[in-house]
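Under the numbering used here, the first residue of the sequence shown carries the number 3, and numbering increases by one thereafter. Down below is the structure, laid out as structure tokens.
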Amino acid sequence: MADISAPKGVRDILPDESWKWAYIFRVVQETALNFGYSEVHLPLFEHTELFARGIGDATDVVEKEMYTFLDKGDRSITLRPEATASMVRSYLEHGMGTLPQPVKLWCAGPMFRYERPQKGRYRQFWQVDFESLGSANPLVDVEIIALSVEIFRRLGLHQLEVVLNSVGCPVCRPGYRERLHRFFESRLDDLCDTCKGRLDRNPLRILDCKREGCKAVTEGAPAIYECLCDDCRDHFDAVKKGLHRLAIPYRLDNRLVRGLDYYTKTAYEVLSGSLGAQNAVCGGGRYDNLAEAIGGPHVPGVGFAAGVDRILMVMEQEGCSFGAEPSLDAYGVALDAGSRESVSDLVDHLRRNGVAADMDYGNRSMKTQLKAASQRRARYACIIGEGERQKGTVSVKDLATGEQREILSEDVVAAVRPRPSGDE
Ligand code: ATP
Ligand code: MG
Numbered sequence: 003m004a005d006i007s008a009p010k011g012v013r014d015i016l017p018d019e020s021w022k023w024a025y026i027f028r029v030v031q032e033t034a035l036n037f038g039y040s041e042v043h044l045p046l047f048e049h050t051e052l053f054a055r056g057i058g059d060a061t062d063v064v065e066k067e068m069y070t071f072l073d074k075g076d077r078s079i080t081l082r083p084e085a086t087a088s089m090v091r092s093y094l095e096h097g098m099g100t101l102p103q104p105v106k107l108w109c110a111g112p113m114f115r116y117e118r119p120q121k122g123r124y125r126q127f128w129q130v131d132f133e134s135l136g137s138a139n140p141l142v143d144v145e146i147i148a149l150s151v152e153i154f155r156r157l158g159l160h161q162l163e164v165v166l167n168s169v170g171c172p173v174c175r176p177g178y179r180e181r182l183h184r185f186f187e188s189r190l191d192d193l194c195d196t197c198k199g200r201l202d203r204n205p206l207r208i209l210d211c212k213r214e215g216c217k218a219v220t221e222g223a224p225a226i227y228e229c230l231c232d233d234c235r236d237h238f239d240a241v242k243k244g245l246h247r248l249a250i251p252y253r254l255d256n257r258l259v260r261g262l263d264y265y266t267k268t269a270y271e272v273l274s275g276s277l278g279a280q281n282a283v284c285g286g287g288r289y290d291n292l293a294e295a296i297g298g299p300h301v302p303g304v305g306f307a308a309g310v311d312r313i314l315m316v317m318e319q320e321g322c323s324f325g326a327e328p329s330l331d332a333y334g335v336a337l338d339a340g341s342r343e344s345v346s347d348l349v350d351h352l353r354r355n356g357v358a359a360d361m362d363y364g365n366r367s368m369k370t371q372l373k374a375a376s377q378r379r380a381r382y383a384c385i386i387g388e389g390e391r392q393k394g395t396v397s398v399k400d401l402a403t404g405e406q407r408e409i410l411s412e413d414v415v416a417a418v419r420p421r422p423s424g425d426e
């Protein structure tokens, strides 16, 4: 047989897993409503320029990880590697600046990055993305962090850690850059080649390097806190105070950076102790100069993106609940070929009345059909043979207890319909 397989780094989410994904999205959706965020659906591809400007030419994402191609009209198109730039583009395109601010939006969907596939790292992966646009108030940063933490709490994740930093702003960052430059310049020999190249372009990104040698060097690097301007310092203090008030614990880490000019002030990540190397479930922060970078007016914003593939991995690892696995209420069983149409009619009637029902379409024995009912985890088998057909009845068998009773056809819906939870 020909090699039929999906491209490297992408995967199918099959029924044994998809119901768990649905559970996660339900929890996210409910939490979004509670926090006043509205869902939007954004395109999976955009003009390449949006990402080059909105994420930054000098980032790994734009330099190495984008799926970019020319379409048939010779336009450079890129499959979205993240959603923030699209969200800001959408806000600007639809004149949302005239609405009461901030405008609070979220979306969910696949993102695409050409990365080295490994556990928790794929070339197509899912994010839920929340953005609050149009307010510079630090309480909005606190809301964003609280919202991400609340989603994880509702999903039952523990062993989480919020890591917080401020990356300053175009007023104070140049001074910090200079101090970092001086610091790393005298330790150049200990840095990896990539970081050597970063020294002049963007020394902040050396702080982010995952290589052990570079990490050791950055241990002693000057912290940005000493360089923050009054505005950034006040903002940072207000965010920390807000998190204290909401009893959200966090750890400060001055190496958490977003090395581009349009990322300002707050930067944060949520890490999981259960994930190993790919340990970030969520990353976010403020980007007060991003709207301008993509060609719009000044629109402050703050947001986060959480990786659904990784959330699911952590939930599995920590034994979290995904709610009830979908199952059938009833499975129609025909005792003879002549009864199959009656079973089909019954199953259709059940479905139209809100009962999850299915049946066997082969000419299989009763034993095989009952086995299929159990495999599908049906609660009841609804059995029809010649006797039942003549009397207008159905034999309803409780597959958990084995108890069976014969009831009138019109009573079957009531007998097998799932009771609303709490109505015992
Ligand atoms: P990392 O340092 O792990 O590469 P990142 O900084 O590139 O993460 P962000 O751009 O902040 O990640 O995206 C937010 C979240 O999306 C991450 O915290 C992670 O949960 C998830 N994510 C990012 N890249 C991938 C990927 N290739 N596969 C699966 N999930 C991913
Ligand atoms: Mg990455």
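Glycine included, every Cβ here is placed at the ideal spot set by N, Cα and C.
Asked                                                                                                                   : Found
Nearest to T70 (by Cα), restricted to the options Y116, K198, A34                                                       : Y116
Rounded straight-line distance, which links the Cα of Q31 to that of L352                                               : 29 angstroms
Inter-residue spacing [alpha-carbon to alpha-carbon] between L201 and E187                                              : 7 angstroms
Opening and closing residue of the beta strand (DSSP E) in which G287 lies                                              : 282-288
Where H237 falls, given that 16 or more other Cβ within 10 Å makes a residue buried                                     : buried
Which residues DSSP lists as bridging H427, in chain order                                                              : Beyond the ends of the chain as shown, which are 3 and 426, falls residue 427; an answer cannot be given.
Through-space distance from F132 to F37, alpha-carbon basis                                                             : 11 angstroms
Cα-Cα separation, M315 to G394                                                                                          : 50 angstroms
For C194 and R175, believed in contact at Cβ under 8 angstroms, the rounded distance                                    : Contact flag wrong, Cβ pair sits at about 23 angstroms.
Rounded C-alpha distance that separates Y270 from L44                                                                   : 24 angstroms
Alpha helix (DSSP H) runs contained entirely in the segment 98-143, provided each spans 4 or more residues              : none
Cutoff 8 angstroms: R55 Cβ touching any chain B Cβ                                                                      : This model lacks chain B altogether; it includes just one protein chain.
Where I15 falls, given that 16 or more other Cβ within 10 Å makes a residue buried                                      : exposed
DSSP state of F306 mapped onto helix, strand, coil                                                                      : strand
The alpha helix (DSSP H) enclosing Q377, as first and last residue numbers                                              : 368-377
Residue interval of the alpha helix (DSSP H) (run including D195)                                                       : 195-203
S88 versus R354, E318, Y382, L292, residue with shortest Cα-Cα distance                                                 : L292
Buried/exposed call for K369, threshold 16 Cβ in 10 Å                                                                   : exposed
8 angstroms contact criterion, which V357 and A383 should meet: CB distance rounded                                     : With 8 angstroms as the limit, V357 and A383 do not qualify as a contact, their Cβ atoms being about 13 angstroms apart.
D210 Cβ short of 7 angstroms to the ligand MG heavy atom set                                                            : no
Same chain, Cβ closer than 7 angstroms to D143, neighbours up to 5 away in sequence not counted                         : V241, T268, R288, V304
Bridge partner(s) assigned by DSSP for F47                                                                              : L81
Whether R203 touches A60 by CB criterion (8 angstroms)                                                                  : yes
Where R253 falls: helix, strand or coil (DSSP)                                                                          : strand
Inter-residue Cα distance where the pair is G309 and C284                                                               : 6 angstroms
Closest by C-alpha distance to G404, when choosing among R381, R419, G11                                                : R381
Contact under 8 angstroms by Cβ, R253 with E318                                                                         : no
Spatial neighbours of D425 in its chain, beta-carbon cut-off 8 angstroms, leaving aside the 5 residues before and after : With a pLDDT of only 45 at D425, under 50, the local geometry of the prediction cannot be trusted, and the value read off the model is given with reservation. Excluding residues within five positions, none has a Cβ falling inside 8 angstroms.
N167, enclosing beta strand (DSSP E) - first and last residue                                                           : 162-168
Minimum C-alpha distance to K121 - residue among S376, G340, L348, A282                                                 : A282
F127 beta carbon near the ligand ATP (any heavy atom closer than 7 angstroms)                                           : yes
Y264 versus P112 - alpha carbon distance                                                                                : 24 angstroms
Residue from D362, G389, V90 whose Cα sits closest to the Cα of G56                                                     : V90
Beta-carbon gap between L52 and I296 smaller than 8 angstroms                                                           : yes
Cβ-Cβ separation, V396 to V415 (assumed contact under 8 angstroms), whole Å                                             : About 11 angstroms separates the two Cβ atoms, so there is no contact after all.
Closer than 7 angstroms: D311 CB and nearest the ligand ATP heavy atom                                                  : yes
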